[in-house]
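Have a look at the structure below, then the notes.
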Amino acid sequence: MRTGTETIVALATPPGVGALAIVRLSGDGVREMTERLLGRKLQWVPQRAFFVRLREGEREIDDAVMTFWEGPRSYTGEDVLEICVHGNPKIVEQVIAAYLRQGARLALPGEFTRRALQAGKLGLTQVEGLGDLFSASTERELANARSLLRGDLAKEMEAMREKLIEVLAQLEAYIDFPEEDIDPPTYGMMRERLNAVIERVERLLAGAKMGRVVRDGISAVIVGRPNVGKSSLFNLLLQERRAIVSHRPGTTRDVIDAECVIGDIRMRLLDTAGIREEADEIEAEGISRTKEAWDQAQLILHVMAADEDPELDKIVTAQLKLRPDQRLLRVLNKTDLEWHPRRTYPDYQHEFDCRISVAKHEGIESLGEKIKEIFISSQAAEASTLCLVNARQTVCLENAKGFLSRAILGLEEKWPPEIISHEMRAALSEVDELLGVTDHEEVLDRIFSQFCIGK
Ligand code: GDP
Numbered sequence: 002m003r004t005g006t007e008t009i010v011a012l013a014t015p016p017g018v019g020a021l022a023i024v025r026l027s028g029d030g031v032r033e034m035t036e037r038l039l040g041r042k043l044q045w046v047p048q049r050a051f052f053v054r055l056r057e058g059e060r061e062i063d064d065a066v067m068t069f070w071e072g073p074r075s076y077t078g079e080d081v082l083e084i085c086v087h088g089n090p091k092i093v094e095q096v097i098a099a100y101l102r103q104g105a106r107l108a109l110p111g112e113f114t115r116r117a118l119q120a121g122k123l124g125l126t127q128v129e130g131l132g133d134l135f136s137a138s139t140e141r142e143l144a145n146a147r148s149l150l151r152g153d154l155a156k157e158m159e160a161m162r163e164k165l166i167e168v169l170a171q172l173e174a175y176i177d178f179p180e181e182d183i184d185p186p187t188y189g190m191m192r193e194r195l196n197a198v199i200e201r202v203e204r205l206l207a208g209a210k211m212g213r214v215v216r217d218g219i220s221a222v223i224v225g226r227p228n229v230g231k232s233s234l235f236n237l238l239l240q241e242r243r244a245i246v247s248h249r250p251g252t253t254r255d256v257i258d259a260e261c262v263i264g265d266i267r268m269r270l271l272d273t274a275g276i277r278e279e280a281d282e283i284e285a286e287g288i289s290r291t292k293e294a295w296d297q298a299q300l301i302l303h304v305m306a307a308d309e310d311p312e313l314d315k316i317v318t319a320q321l322k323l324r325p326d327q328r329l330l331r332v333l334n335k336t337d338l339e340w341h342p343r344r345t346y347p348d349y350q351h352e353f354d355c356r357i358s359v360a361k362h363e364g365i366e367s368l369g370e371k372i373k374e375i376f377i378s379s380q381a382a383e384a385s386t387l388c389l390v391n392a393r394q395t396v397c398l399e400n401a402k403g404f405l406s407r408a409i410l411g412l413e414e415k416w417p418p419e420i421i422s423h424e425m426r427a428a429l430s431e432v433d434e435l436l437g438v439t440d441h442e443e444v445l446d447r448i449f450s451q452f453c454i455g456k
């Protein structure tokens, strides 16, 4: 979708009232349009802010500070103008309308960045990093977005691409000279090189799982007997009273969910009905929903109360049938109260993973640390780099791995070099797709559809 150097305009700051608002323009007509609006020539010194009484002919718009970037040394590679005005939506509307009347058009979502990509200012994975940078809500997401934006993943993939091309060139030499057989040491060397590439692919794929946790967060469900403090914990984690907290057993009848960040992981938290034997009908409905919520959750927080007999927890434990992909964290709450004598017996000492007191706000941080340990630290060792690949990149890497495995098999079983080369070319094209070298419109459309206007 190359739109040439048509001049585009959009608000670059959030809509609404604010101290300032920035309208951004990019394209060939930036200077001329501005001069026509002001009715005079301007001195265009790049990268220096200058003051202008912005007007459209006789009509005053606002006092503005403009910053001009001359193409190709700009974000989009074209002439770019940022106009900083007072943050009133009416003023912004007037600025944009004035430029539209001069022949500019409204930018499409992500169009500034798309132009940057087309001008070679950013690579595709960097664009994805930029998208992530805007949506990041945890430190970890931000760090990963910055790494992508810096081009860490792109560099890693380019190194892989080089290696593949080296082996491919070697292989194709034999295709060009069919009278020569590939000698065994060459076979061995090619295999070794491809194995090294596959290892790198696998390391990146190990980061994909962690990437999902970092990007999408996890869903966790709080379960436990009535009155152990499930709703209190839920509320504390959310720092607001979303669930009903009550002394009567069985009042949290439905499943309530909300999002929070704990241990630097975005978590969709589900608060559920308590489990007890003598439930009435409405409660029974709530309990069946609890079981549904259990099913969806990746993390089950089983809350117990320190002042209660640990034998009672067994009612819940008996119903906790975990799938292999679900993790359980046993949380002992109300540690501020006098513990039930049995809790202190050696046999019951290992019945919980962390102790907290919601009432005293104690142990919540270490609960976060435990969650982080389960979902991030345990995988961090496997994922060698900071790059946590996203779903699109994962598909490319998995495909590349498949083609490379077949190429290696081909080398082992001495398939004709043409066939091995075919597999390697397929792997290479996956790497190219990941890097955006192949410029598939569809892929670009999908990525940019998540951007908002003005970016
Ligand atoms: P739920 O039925 O498991 O959701 O339990 P609630 O969150 O409604 O809490 C039941 C009662 O225990 C309420 O009176 C809470 O104030 C109280 N509670 C919750 N956490 C603690 C705690 O850490 N210490 C003490 N002493 N009381 C708590």
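The opening position of the sequence shown corresponds to residue 2 in my numbering, with each subsequent residue numbered one higher. Ideal placement from N, C-alpha and C gives every residue a C-beta, glycine not left out. Bear in mind that the values here come from a model prediction, so they are computed numbers and not experimental data.
{"Asked": "Have a look at the DSSP bridge pairing and note the partners of Asn-334.", "Found": "Ala-306"}
{"Asked": "Here's the rule I'm using: 16 or more other beta-carbon atoms within 10 Å means buried, otherwise exposed. How should Arg-74 be labelled?", "Found": "exposed"}
{"Asked": "With DSSP run on the structure shown, which of helix, strand or coil describes Arg-74?", "Found": "coil"}
{"Asked": "Leaving out the 5 sequence neighbours to the left and right, which residues in its chain are closer than 6 Å to Thr-68 when beta-carbon positions are compared?", "Found": "Ala-50 and Glu-83"}
{"Asked": "In three-state DSSP terms, what is Phe-69?", "Found": "strand"}
{"Asked": "Could you check the C-alpha separation between Gln-300 and Leu-329 for me, to the nearest Å?", "Found": "One point to set straight first is that residue 300 is Leu, not Gln, in the sequence displayed. When rounded, the distance between both Cα atoms is 6 Å."}
{"Asked": "Can you check which of these residues, Leu-38, Asp-217, Asp-265 and Pro-47, is closest to Arg-54 by C-alpha distance?", "Found": "Leu-38"}
{"Asked": "Quick one: what does DSSP say Gly-225 is sitting in, helix, strand or coil?", "Found": "strand"}
{"Asked": "So what's Arg-60 in DSSP terms, helix, strand or just coil?", "Found": "strand"}
{"Asked": "What I want to know is whether the C-beta of Val-359 ends up closer than 7 Å to one or more non-hydrogen atoms of the ligand GDP.", "Found": "yes"}
{"Asked": "Given the structure, does Pro-228 come close to the ligand GDP, in the sense that its CB is under 7 Å from one of the ligand's heavy atoms?", "Found": "Residue identity check: residue 228 is Asn in the sequence provided, not Pro. Asn-228 Cβ: within cutoff of the ligand GDP."}
{"Asked": "What are the complete alpha helix (DSSP H) segments, minimum 4 residues, inside the stretch 133-161?", "Found": "140-151"}
{"Asked": "Does the distance from the C-beta atom of Phe-353 to that of Met-305 stay below 8 Å?", "Found": "yes"}
{"Asked": "For His-1, tell me which candidate among Asp-80, Val-96, Val-81 and Glu-79 has the shortest Cα-Cα distance.", "Found": "With the chain represented from 2 up to 456, any question about residue 1 goes unanswered, as that position is not in the structure."}
{"Asked": "Can you find a heavy atom of the ligand GDP that lies under 7 Å from the Cβ of Gly-225?", "Found": "yes"}
{"Asked": "Closer than 8 Å is the cut-off here; do at least three beta carbon pairs connect the stretch 356-366 with the stretch 229-243?", "Found": "yes"}
{"Asked": "Which of helix, strand or coil does DSSP assign to Ala-174?", "Found": "helix"}
{"Asked": "With a cut-off of 8 Å on the beta carbons, I'd call Leu-436 and Gly-124 a contact; round off their distance for me.", "Found": "6 Å"}
{"Asked": "Residue range of the beta strand (DSSP E) that Ala-401 falls in?", "Found": "Segment 392-413 is the alpha helix (DSSP H) holding Ala-401; no beta strand (DSSP E) there."}
{"Asked": "Answer with buried or exposed for Asp-446, where buried requires no fewer than 16 other C-beta atoms within 10 angstroms of its C-beta.", "Found": "exposed"}
{"Asked": "Should the stretch 207-219 be regarded as contacting the stretch 389-398, the criterion being three or more beta carbon pairs within less than 8 Å?", "Found": "yes"}
{"Asked": "Which of the three DSSP states, helix, strand or coil, is assigned to Ala-13?", "Found": "coil"}
{"Asked": "Count the other C-beta atoms from every protein chain shown that fall within 10 angstroms of the C-beta of Gly-275, then say buried if there are 16 or more, exposed otherwise.", "Found": "Since pLDDT at Gly-275 reaches only 48, below the 50 mark, its modelled position is unreliable, and the value read off the structure follows with that caveat. Classification of Gly-275: buried, given that the 10 Å Cβ count is 16 or more."}
{"Asked": "When every heavy atom of the ligand GDP is checked, does at least one fall within less than 7 Å of the C-beta of Leu-436?", "Found": "no"}
{"Asked": "Can you find a heavy atom of the ligand GDP that lies under 7 Å from the Cβ of Asp-314?", "Found": "no"}
{"Asked": "Indicate whether Ala-146 and Asp-133 have their beta-carbon atoms separated by less than 8 Å.", "Found": "yes"}
{"Asked": "Mind checking which residues open and close the beta strand (DSSP E) that includes Ala-22?", "Found": "19-27"}
{"Asked": "How about the stretch 154-164 and the stretch 194-207: do they share at least three Cβ pairs that are nearer than 8 Å?", "Found": "yes"}
{"Asked": "Thinking just about the alpha-carbon of each residue, which of Asp-29, Glu-33 and Cys-85 is nearest to the one in Gly-72?", "Found": "Asp-29"}
{"Asked": "Assuming Glu-419 and Ile-176 form a contact by the criterion Cβ under 8 Å, report the distance between their Cβ atoms to the nearest whole angstrom.", "Found": "6 Å"}
{"Asked": "Please state if the CB of Gly-189 and the CB of Arg-267 are separated by a distance shorter than 8 Å.", "Found": "no"}
{"Asked": "Leaving out five residues before and five after Ala-401 in sequence, what residues of the same chain have Cβ atoms less than 7 Å from its Cβ?", "Found": "Val-202, Ala-428, Glu-431 and Val-432"}
{"Asked": "Relative to the alpha-carbon of Glu-339, which residue among Glu-79, Ala-307, Asp-314 and Glu-366 has its alpha-carbon at the smallest distance?", "Found": "Ala-307"}
{"Asked": "Which of the three DSSP states is assigned to Glu-363 in this structure?", "Found": "strand"}
{"Asked": "What is the residue span of the alpha helix (DSSP H) that Val-432 lies within?", "Found": "418-436"}
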